[in-house]
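Single-structure report; data block below.
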Amino acid sequence: MSYQELKRGTAPLRYFLCKKYYIISLQVFNVFIRTNNVSIGQCGFLCLKLKQYPLYNTFIIKEPRVVDIKQSLFSGQTFLWNIHKFDFDYYSTLIDTIPLFIRQISGNEFKVNAPVKEIKGVALPQFIRHYFSLEIDIENVFPESFSRLYPELWVLLSEYFPLRILRQDPFETMISFMCAQGIGMHLIRKQVSLLAQTYGEKTTVTFKGREVVFHNFPTAERLAAADPFVLSRCTNNNRLRAANIIMAAQGVAEGRVDLKSLGNHQISLSEVRRRLAQNSGIGFKIADCIALFGLGRFDAFPIDTHVKQYLGKWFNSTTALRSLSPATYLILDEEARAFLNPELAGYAGHILFHCWRKEVKKLQSF
DNA sequence: CTCCAGGTGGCGA
DNA sequence: TCGCCACATGGA
Numbered sequence: 002m003s004y005q006e007l008k009r010g011t012a013p014l015r016y017f018l019c020k021k022y023y024i025i026s027l028q029v030f031n032v033f034i035r036t037n038n039v040s041i042g043q044c045g046f047l048c049l050k051l052k053q054y055p056l057y058n059t060f061i062i063k064e065p066r067v068v069d070i071k072q073s074l075f076s077g078q079t080f081l082w083n084i085h086k087f088d089f090d091y092y093s094t095l096i097d098t099i100p101l102f103i104r105q106i107s108g109n110e111f112k113v114n115a116p117v118k119e120i121k122g123v124a125l126p127q128f129i130r131h132y133f134s135l136e137i138d139i140e141n142v143f144p145e146s147f148s149r150l151y152p153e154l155w156v157l158l159s160e161y162f163p164l165r166i167l168r169q170d171p172f173e174t175m176i177s178f179m180c181a182q183g184i185g186m187h188l189i190r191k192q193v194s195l196l197a198q199t200y201g202e203k204t205t206v207t208f209k210g211r212e213v214v215f216h217n218f219p220t221a222e223r224l225a226a227a228d229p230f231v232l233s234r235c236t237n238n239n240r241l242r243a244a245n246i247i248m249a250a251q252g253v254a255e256g257r258v259d260l261k262s263l264g265n266h267q268i269s270l271s272e273v274r275r276r277l278a279q280n281s282g283i284g285f286k287i288a289d290c291i292a293l294f295g296l297g298r299f300d301a302f303p304i305d306t307h308v309k310q311y312l313g314k315w316f317n318s319t320t321a322l323r324s325l326s327p328a329t330y331l332i333l334d335e336e337a338r339a340f341l342n343p344e345l346a347g348y349a350g351h352i353l354f355h356c357w358r359k360e361v362k363k364l365q366s367f
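With positions in the first sequence counted from 1, the corresponding number in my numbering is that position plus 1.
Printed below as a string of structure tokens:
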């Protein structure tokens, strides 16, 4: 099959529901797999666990392209990489599954299907639109004046406009970001993964004749009843973090922490932040992350070490030179809202965040 | 060996 | 309010 033939063929988005998980079988974005410089076929189906872990809080939709599978898996630049990355990091079974997919694609089972009618349009099921926040238009994310005020930055940023912020489960987001304090992404992912494996319900799914094992993210009740010492094996042996997670889970399980009501956009952002930060182990930054990724509050603007850095470098904030105390945090938050659209400050901030990490810091991990 | 990773909270000046 | 420090591990 020639490359041109492959390029013409795309398949509709298909999806199906397995318990809490959506597994998407997709060929939508005209992604092609290529190994050793030889195209072996269109990516027939990438198994994407749609309801993935909150640290993977972004998703990039790019134009049709050919990707080198090895390069894309490890260079971290492409849409395809992101999909694989979800699966590879968390499910060893899927590490075996992907090569299997490739074999199937390269064999007789591969078929070219009908073209996709809509990718960003209404043809996509509503939950997909919602999950990928497809209703957010990049035109509104940055104020009109932004490209005039920061022309060089604008060029860098444009590469990141297809980035979507995912609307994820609030509890899962809360616990996951509690694991994300002052350590690298590698360890953060490991912790979340261990929590799921240790306390999450096991689900076996038959997919294309193969058994695929998933672990649901643990329920609040399950974590609330956990032993701190045992749970600390999942939190980098950090007893304090383990205890905080258990207390937070107890709060949710007992209804003291009502994440659902916090999702009400009538409540002011500062009130959401205040209530979340009442939990031990949750400061302003984690609270804003929960709001942004778990509560769909795209106005929430989490400030971490990277954000602080780009506020100083790109926007000449002298406040960013100070240490990140709660007081400094609030000032930086105000400053950022002055040159961003306050309603979507967090959405813009996340685009800036990834642009900073990749283009300036040259970090590989998403 | 040192420094830094998508922080938080406790402490003393 | 502000500057340190512990918390814990691992990769560069």
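All C-beta atoms, glycine included, are put in the ideal place defined by N, C-alpha and C.
All of these numbers come straight from a predicted model, not from anything done at the bench.
### Query
Is it the case that the Cβ atoms of I189 and L293 are separated by a distance below 8 angstroms?
no
### Message
Tell me whether the segment 146 to 165 and the segment 283 to 293 touch, counting them as touching only if at least three CB pairs, one residue from each stretch, are closer than 8 angstroms.
### Response
no
### Message
By the three-class DSSP mapping on this structure, what secondary structure does G77 have?
### Response
Bear in mind that a pLDDT of 28 at G77, under 50, signals an unreliable position, so the model cannot answer this.
### Query
Is the segment 183 to 203 close to the segment 308 to 328, with three or more CB pairs under 8 angstroms?
no
### Query
Cβ of F172 within 8 angstroms of Cβ of C290?
no
### Task
Indicate whether the contact test is met: 3 or more Cβ pairs, each with one atom in the segment 267 to 274 and one in the segment 222 to 231, closer than 8 angstroms.
no
### Message
Between which residues of its own chain and E255 is the CB-CB distance below 8 angstroms, once the five residues before and five after are set aside?
### Response
A225
### Task
May I ask you to report which of helix, strand or coil DSSP gives I139?
helix
### Message
Within the continuous alpha helix (DSSP H) that includes L345, where are the two ends?
### Response
From DSSP, L345 is part of no alpha helix (DSSP H); its letter is neither H nor E.
#### Entry: Closest Cα partner of K363 within the set F340, E335, H307
H307
### Message
Quick check: L301 and G347, are their CB atoms within less than 8 angstroms of each other?
### Response
For clarity, residue 301 is Ala in the given sequence; the question names Leu instead. In contact: A301 and G347 (Cβ atoms closer than 8 angstroms).
#### Entry: Same chain, Cβ closer than 8 angstroms to L241, five either side skipped, listed in chain order
G282
### Query
When you compare only the Cα positions, how much space is there between D138 and P144?
12 angstroms
### Query
Between G295, K191, L331, which lies nearest to N265 when the distance is taken from Cα to Cα?
G295
### Query
Under the three-state reduction of DSSP, which class applies to I283: helix, strand or coil?
coil
### Query
Taking just the CA atoms, how far does N280 sit from L195?
22 angstroms
### Query
What's the gap between the Cα of E140 and the Cα of A349?
11 angstroms
### Residues of its chain near T320, where Cβ-Cβ distance is below 8 angstroms and the 5 sequence neighbours each way are ignored
L312, T329, I332, L333, E336
### Message
If distances are taken between C-alpha atoms only, which option among N238, K203, M175, N317 comes closest to G252?
### Response
M175
### Query
How should A249 be labelled, buried or exposed, when 16 other C-beta atoms within 10 angstroms of its C-beta is the threshold for buried?
buried
#### Entry: Opening and closing residue of the beta strand (DSSP E) in which I166 lies
164 to 166
### Query
Per DSSP, what kind of secondary structure is K203 in: helix, strand or coil?
strand
### Range covered by the alpha helix (DSSP H) that runs through E222
221 to 225
### Query
How big is the Cα-Cα spacing for R223 and P343?
37 angstroms
### Query
What residue range is occupied by the uninterrupted alpha helix (DSSP H) comprising A321?
No alpha helix (DSSP H) contains A321, which DSSP labels as neither H nor E.
### Query
Quick one: what does DSSP say H266 is sitting in, helix, strand or coil?
coil
### Task
Kindly identify the DSSP beta-bridge partner or partners of H216.
K203
#### Entry: Inter-residue spacing [alpha-carbon to alpha-carbon] between K261 and I268
12 angstroms
### Query
Hey, L345 and F299: beta-carbon distance below 8 angstroms or not?
yes
#### Entry: Simplified DSSP assignment, three categories, for Y330
helix
### Cβ shell of D305 (< 7 angstroms), same chain only, five flanking positions each side left out
K286
### Task
Between the Cα of R168 and those of I247, G297, R234, spot the shortest distance and give me the residue it belongs to.
G297
### Neighbourhood of V142 by C-beta, 6 angstroms cutoff - its chain only, sequence neighbours within 5 removed
L345, Y348, A349
### N- and C-terminal bounds of the alpha helix (DSSP H) containing G183
That residue, G183, is in no alpha helix (DSSP H); it is neither H nor E in DSSP.
### Query
Between which two residues does the alpha helix (DSSP H) harbouring K362 extend?
No alpha helix (DSSP H) contains K362, which DSSP labels as neither H nor E.
### Task
With DSSP as the reference, label A301 as helix, strand or coil.
coil
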